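This report refers to the structure that appears directly beneath it.
This is the structure:
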């Protein structure tokens with residue numbers, strides 16, 4: 018099976034959220050017909066659910082994917098303005114649930130949330146996952162609430178995600194979902210890098226306390242998973258590392274300025 022990989026599409030940052038005009042032109046800069054039946058999107062689709070589903074349907078049609086498998090990222094929980102706050106009653110989880118329902122209602126599309134889907138004998142497991150602050154603790158003498166203060170000072174997540182006290186709330190939810198899937202799949206998909214070690218970071222991201230919010234200490238899952246591939250996003254890079262027999266891959270599109278350097282990544286299993 019050939020599988021294409023992308024994450025961090027951020028559709029509304031590349032396109033007008035209220036129109037599909039220029040969408041096909043944009044997609045031509047991102048996708049090519051690789052002959053893959055499956056496309057994996059490892060989170061951060063965009064800030065508007067209606068736009069996200071419309072573009073996913075178009076991708077599936079134009080690039081002849083039989084299946085699209087997604088998980089949600091941190092931006093897929095954002096309520097970015099007063100209109101969205103009212104629409105979803107200041108509850109980011111309502112927006113995320115709506116996005117999953119829209120995707121899962123489409124034939125051949127799956128938005129995984131602590132579950133596994135099997136396609137042609139290959140089992141795909143996924144969840145958003147979340148960062149846990151561990152990198153900050155590993156590299157700093159500051160502990161406890163100081164990392165929360167740092168989070169509130171540096172991350173839009175602290176302002177845009179409604180319904181949580183801090184990032185630990187999200188991590189607790191997501192670790193339970195990882196527990197369910199990590200020994201049940203051949204390919205695991207999360208939004209966040211499952212390693213806090215600099216050797217597993219892109220060179221440009223090493224020795225940076227911000228990795229506290231771009232990684233989690235996933236040793237217990239990564240070292241014992243049945244998966245051959247672990248696909249993640251969040252870091253706007255193309256990068257791969259190995260953990261024993263597991264290939265861990267990020268292939269993020271990112272923001273408009275990063276579009277020119279993007280190439281779709283294909284793996285075979």
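Residue numbers (the working numbering): 18 to 286. A virtual CB, placed ideally from N, CA and C, is assigned to each residue, including glycine. Quick caveat, the model's predicted, so the values are computed rather than measured.
- In this structure, the alpha-carbon of residue 22 lies about 21 angstroms from that of residue 222.
- Residue burial annotation: residue 69 is buried, with at least 16 other C-beta atoms found within 10 angstroms of its C-beta.
- Under the three-state reduction of DSSP, residue 210 is assigned to strand.
- Put simply, the region 128 to 139 touches the region 201 to 208. At least three CB pairs are less than 8 angstroms apart.
- Counting only the Cα atoms, residue 71 lies some 37 angstroms from residue 241.
- It is roughly 35 angstroms from the alpha-carbon of residue 172 to the alpha-carbon of residue 135.
- The beta carbons of residue 24 and residue 250 sit about 3 angstroms from each other, so the pair counts as a contact at 8 angstroms.
- Sequence-distant Cβ neighbours of residue 33 in its own chain, meaning closer than 8 angstroms and more than five residues away, are 39.
- Judged by beta-carbon spacing, residue 67 lies beyond the 7 angstroms limit of residue 20, meaning their Cβ atoms are not closer than that value.
- Comparing C-alpha distances from residue 167 to each of 84, 256, 228 and 146 shows the shortest one belongs to 228.
- Counting only the Cα atoms, residue 183 lies some 39 angstroms from residue 45.
- Residue 141 sits in a strand when the DSSP states are folded into three classes.
- Beyond the five residues adjoining it in sequence on each side, residue 110 comes within less than 6 angstroms, by CB distance, of 180 in the same chain, given in chain order.
- Here DSSP, grouped into helix, strand and coil, assigns residue 107 to coil.
- With contact defined as three or more Cβ pairs closer than 8 angstroms, the region 233 to 248 and the region 265 to 274 are in contact.
- The beta carbon of residue 56 is closer than 6 angstroms to those of 21, 82 and 85 in its chain, skipping five residues each way along the sequence.
- Your pair residue 146 and residue 195 checks out as a contact, with CB atoms roughly 6 angstroms apart and the cut at 8 angstroms.
- Nearest Cα to residue 113 within the set 129, 218 and 100: 129.
- Beta-bridge partners assigned by DSSP to residue 247: 205 and 265.
- With contacts defined as CB atoms closer than 7 angstroms, residue 208 and residue 90 qualify as a contacting pair.
- Going by C-alpha positions, residue 213 is about 15 angstroms away from residue 164.
- Sorting 47, 51 and 102 by C-alpha distance to the C-alpha of residue 285 places 51 at the top.
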